[in-house]
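These notes concern the structure reproduced below.
There are 2 protein chains.
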Amino acid sequence: MKIGSQTIQLENTPKLLQTASMVGPKEMDGPLNQFFDLHTDDVFLGEKSFEKAESKMLEQCVNHLLSKAGMNNSMIDYIFAGDLLNQCISSGYAIRNLNIPFIGLYGACSTFCESLALAASFVNANYGKNIIATTSSHFCSAERQFRMPLEHGNQQSPTSQCTVTGTGAALVVPNSSSIHSLYITHVTFGKVIDFGIKDMTNMGAAMMPAAYSTITTHLQDTKRKLDYYDAIVTGDLGILGSELLVDQFQKEGYDISHIHKDCGVLIYDKEKQDTHCGGSGCGCMASVFSGYFFEQLKSKKMNKILIVSTGALMSPLSIQQGESIPSIAHAVAIENEV
Amino acid sequence: MKIGSQTIQLENTPKLLQTASMVGPKEMDGPLNQFFDLHTDDVFLGEKSFEKAESKMLEQCVNHLLSKAGMNNSMIDYIFAGDLLNQCISSGYAIRNLNIPFIGLYGACSTFCESLALAASFVNANYGKNIIATTSSHFCSAERQFRMPLEHGNQQSPTSQCTVTGTGAALVVPNSSSIHSLYITHVTFGKVIDFGIKDMTNMGAAMMPAAYSTITTHLQDTKRKLDYYDAIVTGDLGILGSELLVDQFQKEGYDISHIHKDCGVLIYDKEKQDTHCGGSGCGCMASVFSGYFFEQLKSKKMNKILIVSTGALMSPLSIQQGESIPSIAHAVAIENEV
Numbered sequence: 000m001k002i003g004s005q006t007i008q009l010e011n012t013p014k015l016l017q018t019a020s021m022v023g024p025k026e027m028d029g030p031l032n033q034f035f036d037l038h039t040d041d042v043f044l045g046e047k048s049f050e051k052a053e054s055k056m057l058e059q060c061v062n063h064l065l066s067k068a069g070m071n072n073s074m075i076d077y078i079f080a081g082d083l084l085n086q087c088i089s090s091g092y093a094i095r096n097l098n099i100p101f102i103g104l105y106g107a108c109s110t111f112c113e114s115l116a117l118a119a120s121f122v123n124a125n126y127g128k129n130i131i132a133t134t135s136s137h138f139c140s141a142e143r144q145f146r147m148p149l150e151h152g153n154q155q156s157p158t159s160q161c162t163v164t165g166t167g168a169a170l171v172v173p174n175s176s177s178i179h180s181l182y183i184t185h186v187t188f189g190k191v192i193d194f195g196i197k198d199m200t201n202m203g204a205a206m207m208p209a210a211y212s213t214i215t216t217h218l219q220d221t222k223r224k225l226d227y228y229d230a231i232v233t234g235d236l237g238i239l240g241s242e243l244l245v246d247q248f249q250k251e252g253y254d255i256s257h258i259h260k261d262c263g264v265l266i267y268d269k270e271k272q273d274t275h276c277g278g279s280g281c282g283c284m285a286s287v288f289s290g291y292f293f294e295q296l297k298s299k300k301m302n303k304i305l306i307v308s309t310g311a312l313m314s315p316l317s318i319q320q321g322e323s324i325p326s327i328a329h330a331v332a333i334e335n336e337v
Numbered sequence: 000m001k002i003g004s005q006t007i008q009l010e011n012t013p014k015l016l017q018t019a020s021m022v023g024p025k026e027m028d029g030p031l032n033q034f035f036d037l038h039t040d041d042v043f044l045g046e047k048s049f050e051k052a053e054s055k056m057l058e059q060c061v062n063h064l065l066s067k068a069g070m071n072n073s074m075i076d077y078i079f080a081g082d083l084l085n086q087c088i089s090s091g092y093a094i095r096n097l098n099i100p101f102i103g104l105y106g107a108c109s110t111f112c113e114s115l116a117l118a119a120s121f122v123n124a125n126y127g128k129n130i131i132a133t134t135s136s137h138f139c140s141a142e143r144q145f146r147m148p149l150e151h152g153n154q155q156s157p158t159s160q161c162t163v164t165g166t167g168a169a170l171v172v173p174n175s176s177s178i179h180s181l182y183i184t185h186v187t188f189g190k191v192i193d194f195g196i197k198d199m200t201n202m203g204a205a206m207m208p209a210a211y212s213t214i215t216t217h218l219q220d221t222k223r224k225l226d227y228y229d230a231i232v233t234g235d236l237g238i239l240g241s242e243l244l245v246d247q248f249q250k251e252g253y254d255i256s257h258i259h260k261d262c263g264v265l266i267y268d269k270e271k272q273d274t275h276c277g278g279s280g281c282g283c284m285a286s287v288f289s290g291y292f293f294e295q296l297k298s299k300k301m302n303k304i305l306i307v308s309t310g311a312l313m314s315p316l317s318i319q320q321g322e323s324i325p326s327i328a329h330a331v332a333i334e335n336e337v
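Chains A and B supply the protein sequences, listed in that same order.
Each residue of the first sequence is one higher than the one before, starting from 0 at the first, in numbering that gives the first Met the number 0.
Each residue of the second sequence is one higher than the one before, starting from 0 at the first, in numbering that gives the first Met the number 0.
Shown next as structure tokens:
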């Protein structure tokens with residue numbers, strides 16, 4: 000049922016049964032490498048283009064999820080998926096091969112929580128027993144689509160983030176299943192927020208207000224306080240965007256510095272890896288949540304987390320036409336006990 | 000609840016309370032002009048680019064829907080929306096101004112039914128009381144993104160379709176509302192189907208197998224026969240795709256020629272308008288359903304229809320890389336009595 004202004008309380012507390020993750024070579028050089036299920040050293044994955052490689056990575060990750068869950072594709076009711084490529088071809092072509100009824104999404108880097116929120120909402124409403132949420136991104140396909148071809152060798156701005164070559168997939172099932180697992184209790188869908196930032200190399204600043212809006216709305220809607228959660232995990236605000244978010248809460252009298260985590264900050268080593276403000280892309284939260292945070296929850300190092308993926312809804316064309324960057328954030332609450 | 004393999008039965012039969020539609024000059028020259036709420040003679044709508052014009056059209060259409068329903072934007076729980084432009088900027092920027100919690104979709108020309116199906120699924124599950132589904136397309140923005148800039152003046156292939164400059168929006172509310180209206184009883188989400196067609200100027204042929212798959216699956220899942228419906232309305236198979244669909248059913252022993260309608264065929268006059276195989280685009284079914292078919296249902300000229308929007312999930316890049324065109328179709332059953 001809907002509670003408050005933007006949140007759905009999932010009374011039947013669907014379970015997050017299993018996840019799978021896959022990343023590229025740079026992410027395997029980073030500090031979270033032990034948490035990823037699969038990785039590739041070849042950014043082409045044996046394919047002839049980066050786009051085909053990204054699509055193959057998503058397909059492999061979903062197949063690995065099915066294998067971990069002991070299922071096959073015919074047991075999956077629906078798959079919610081999206082990516083950053085024009086016309087979402089990474090998802091479309093991958094799911095052609097997976098042969099699962101498909102609901103395609105676009106929410107830029109917010110798509111992982113959008114996808115997981117919809118999957119959980121569907122299971123909660125008895126619209127399916129096994130529903131998958133997945134997203135992907137690939138550094139090389141994103142660079143040439145959103146910025147410059149790699150061959151151009153352009154210098155990155157200090158505020159820029161590095162698109163993660165990665166994917167994550169999550170399987171949501173009804174609570175009636177006897178296997179102990181994590182519960183998805185609430186989902187909050189965001190509004191489009193635009194504070195007028197036009198610099199495509201500073202996504203963290205552009206997306207921060209959307210994260211702030213969705214987190215505060217989620218807390219109001221659920222009547223929870225910040226300390227209810229062991230961690231509030233944003234998708235890819237990066238180093239600068241994360242600082243801005245902490246500052247913004249500070250201005251309102253709240254200190255979130257000890258509970259705020261950002262997947263874009265965590266995935267790379269800022270001292271050793273040349274990734275400026277950190278990671279970004281649909282595959283950033285997808286792989287870091289499905290790898291690292293899922294493990295933290297399963298091992299009860301964390302028991303209640305709010306994940307908030309943030310997306311910048313511009314296109315290169317809209318920026319060329321002088322527009323600012325509209326952003327959005329969607330949140331999913333995941334808990335060990337209900 | 001889920002029934003059969005791909006269908007959700009909406010036991011609470013949410014109501015389709017109101018729709019609104021808006022089209023461009025070519026569509027107003029066509030045979031359905033009396034059914035559209037709004038139109039523009041200026042394809043720029045006073046904006047500086049076709050993309051901004053498309054976004055403005057979507058925003059105006061949603062505002063008109065709110066006005067027809069006697070509501071304002073703060074009364075709307077969620078809006079499901081999508082379009083054909085890269086990164087779905089038409090929807091993203093329009094909804095920034097509308098200030099409604101936003102769930103972004105990409106399903107190419109299948110997005111209208113995807114959007115309406117999700118809106119109805121959400122209302123059925125008590126996730127909101129007023130939920131909007133909307134999509135748009137614009138001939139000029141689509142031409143330069145998917146094919147050639149208009150200035151190039153390229154000749155169209157005889158099998159090509161003309162992207163509709165149009166938008167439609169629908170408001171779904173719970174059945175508990177006392178106002179008599181139409182009911183959404185079932186939704187069927189499609190699988191990605193690819194028969195290997197690589198010709199981007201022959202979308203009708205590429206999408207027909209997806210329409211066939213979703214229609215037949217819907218009938219199996221609901222245990223309904225073809226003649227249950229007064230009309231089976233596809234989105235934009237166009238003239239050739241529609242003939243292929245009728246032929247395909249004929250091969251299986253069914254004659255659907257008398258009940259099959261296609262929005263892409265209906266929207267233009269094939270004798271007088273130079274539109275080859277008819278209309279296409281997210282805005283085609285959105286405007287034709289929200290204009291013409293909604294009126295047919297309200298006036299009880301039709302009482303039970305199945306609308307099936309069809310989408311081709313390729314991008315210009317995937318075609319350049321030698322890929323074929325994967326397609327998908329989603330279906331929504333709308334009835335006067337339940």
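C-beta: ideal position from N, C-alpha, C; glycine also.
Query: Minimum Cβ-Cβ distance from A:Ile7 to chain B less than 9 Å; Result: yes
Query: Rounded separation between A:Ile183 and B:Pro148 - CA only; Result: 47 Å
Query: Beta-bridge pairing of A:His38 - partner residues as DSSP gives them; Result: A:Val22
Query: Closer than 8 Å at the beta carbon, the chain B residues around A:Asn125; Result: Met0 and Lys1
Query: CB contact check: A:Gly263 to chain B, cutoff 9 Å; Result: no
Query: Beta bridge counterpart(s) of A:Phe101 as assigned by DSSP; Result: A:Ile78
Query: Contact the stretch 213–231 of chain B vs the stretch 321–333 of chain A: 3+ CB pairs below 8 Å; Result: no
Query: Interface residues of chain B facing A:Asn85 [CB-CB closer than 7 Å]; Result: Asn85, Ser314 and Leu316
Query: Contact set between A:Leu104 and chain B, taken where Cβ atoms lie within less than 7 Å; Result: Gly103, Leu104 and Tyr105
Query: Against chain B: residues of the stretch 35–69 of chain A by CB proximity under 8 Å; Result: Lys47, Ser48, Glu50 and Lys51
Query: Among A:His137, A:Gly69, A:Phe49 and A:Ile178, nearest to B:Leu316 - alpha-carbon criterion; Result: A:Phe49
Query: Under 7 Å by beta carbon: chain A residues contacting B:Arg95; Result: Val191, Asp193 and Pro325
Query: Proximal chain B residues relative to A:Tyr92, where beta-carbon distance stays under 9 Å; Result: Val191, Asp193, Leu312, Met313, Ser317, Glu322 and Pro325
Query: Nonlocal neighbours in the same chain, by C-beta distance under 7 Å from B:Ile196, ignoring five residues either side; Result: Ala204, Ala205, Ser323 and Ile324
Query: Option nearest A:Ser241 by Cα separation, candidates A:Lys271, A:His217, A:Gly277 and A:Glu251; Result: A:Gly277
Query: Cβ shell of A:Ser4 (< 7 Å), same chain only, five flanking positions each side left out; Result: Thr216 and Asp220
Query: CB contact below 9 Å: A:Ser175 versus chain B; Result: no
Query: Where B:Gly321 falls: helix, strand or coil (DSSP); Result: coil
Query: Residue ranges of each alpha helix (DSSP H) within the stretch 249–276 of chain A, 4 or longer; Result: 262–265
Query: Chain A residues whose Cβ lies nearer than 9 Å to that of B:Glu113; Result: Ile102 and Gly103
Query: Nearest-angstrom Cα separation, counted from A:Asp40 out to B:Glu26; Result: 52 Å
Query: Environment of A:Gln249 [buried if 16+ CB atoms lie within 10 Å]; Result: exposed
Query: Proximity below 9 Å, CB of A:Ser298 to CB of A:Thr166; Result: no
Query: Nearest-angstrom Cα separation, counted from A:Pro100 out to B:Gly189; Result: 5 Å
Query: Alpha carbon of B:Leu244 to alpha carbon of B:Met207, nearest angstrom; Result: 6 Å
Query: Cutoff 9 Å: A:Gly282 Cβ touching any chain B Cβ; Result: no
Query: B:Asn98: contacting residues in chain A (beta-carbon distance under 9 Å); Result: Lys190 and Val191
Query: Partner residues on chain B for A:Tyr211, Cβ-Cβ distance less than 9 Å; Result: None at all; the shortest Cβ gap to chain B is about 15 Å.
Query: Own chain, CB closer than 6 Å to A:Leu305, minus 5 neighbours either side, in chain order; Result: Tyr228, Ile231, Ala330 and Ala332
Query: Inter-residue Cα distance where the pair is B:Gly237 and B:Ala210; Result: 12 Å
Query: A:Asp82 to A:Ile130 span [Cα, whole Å]; Result: 18 Å
Query: Presumed contact (8 Å Cβ cut-off) between B:Leu37 and B:Gln17, rounded CB distance; Result: Rounded, the Cβ-Cβ distance is 14 Å, inconsistent with contact.
Query: Cutoff 9 Å: B:Ser120 Cβ touching any chain A Cβ; Result: yes
Query: 9 Å Cβ cutoff, A:Leu117 in contact with chain B; Result: yes
Query: Status (buried if at least 16 other CB within 10 Å, exposed otherwise) for B:Lys51; Result: buried
Query: Contacts around A:Ala116, its chain only, beta-carbon distance under 6 Å, and the 5 residues preceding and following it disregarded; Result: Val186, His329 and Val331
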